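Undergrad:
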Amino acid sequence: MSIEVRVPTLGESVTEATVATWFKAPGDRVEADEMLCELETDKVTVEVPSPAAGTLGDIVAPEGETVGVDALLATLNEGDAAAAPAAAKAPAKAEAKADGGDAGGEAVDV
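Structure below.
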């Protein structure tokens with residue numbers, strides 16, 4: 039599933055910003071709230087965090103481009119790529135329980 043990364047509200051009476059720096063490149067793995075890019079206005083510098091964990095897809099607004107509020111900056115691919123490490127661990131735990139492996143402890147006859 040693809041998530042859109044958009045320009046946040048920049049402040050009162052500020053309608054556009056310039057993409058100053060991208061901290062990540064397409065294909066890079068990102069965590070939720072990890073900084074993706076930095077936007078500059080005449081009044082403030084704003085860091086744009088990742089809305090979710092996943093892989094950075096296409097960068098729509100390259101460095102130096104002027105963007106308006108709510109403009110599309112990039113896409114973030116969430117799903118199979120992001121869930122793969124967690125999914126790989128889950129079956130291993132299920133198999134350990136299913137085969138009745140050593141659970142530890144001591145057997146006591148009652």
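With the first letter of the sequence shown counted as 1, position 19 gets the number 57 in our numbering; the numbers rise by one all the way through. Cβ coordinates follow ideal geometry from the N, Cα and C atoms, glycine included. Note that the coordinates shown come from a computational prediction; the quantities given were computed from them, not determined experimentally.
Could you pull out every residue in the same chain whose Cβ sits closer than 7 Å to the Cβ of Ala90, ignoring the five residues on either side in sequence?
TA: The answer, listed in chain order, is Ile41, Ala70, Leu114, Glu116.
Undergrad: Who are the near neighbours of Thr83 in its chain, counting only those whose CB is closer than 8 Å to its CB and skipping five residues on each side?
TA: Taken in chain order, the residues that qualify are Ala58, Glu76, Leu77.
Undergrad: For Ala55, does the three-state DSSP call read helix, strand or coil?
TA: The answer is strand: DSSP assigns Ala55 an E or B state.
Undergrad: Return yes when the Cβ of Val105 is within less than 7 Å of the Cβ of Ala99, no when it is not.
TA: Going by C-beta atoms, Ala99 is nearer than 7 Å to Val105.
Undergrad: Can you give me the start and stop residues for the beta strand (DSSP E) that Thr113 sits inside?
TA: That run of the beta strand (DSSP E) goes 110-115.
Undergrad: Which word fits Ala55, buried or exposed, when buried means at least 16 other C-beta atoms lie within 10 angstroms of its C-beta?
TA: Label assigned to Ala55: buried.
Undergrad: Which residue wins for smallest C-alpha separation from Ile97, given the options Glu85, Thr79, Asp66, Lys81?
TA: Ranking Glu85, Thr79, Asp66, Lys81 by Cα distance to Ile97 puts Asp66 first.
Undergrad: Which word fits Ser51, buried or exposed, when buried means at least 16 other C-beta atoms lie within 10 angstroms of its C-beta?
TA: Flag for Ser51 reads exposed.
Undergrad: Going by the beta-carbon positions, is the gap between Val68 and Ser88 smaller than 7 Å?
TA: A contact, by the Cβ cut-off of 7 Å.
Undergrad: Which residues does DSSP pair with Thr79 in a beta bridge?
TA: Answer is none; Thr79 lacks a bridge partner.
Undergrad: Are the beta-carbon atoms belonging to Lys62 and Leu74 less than 7 Å from one another?
TA: Contact: yes.
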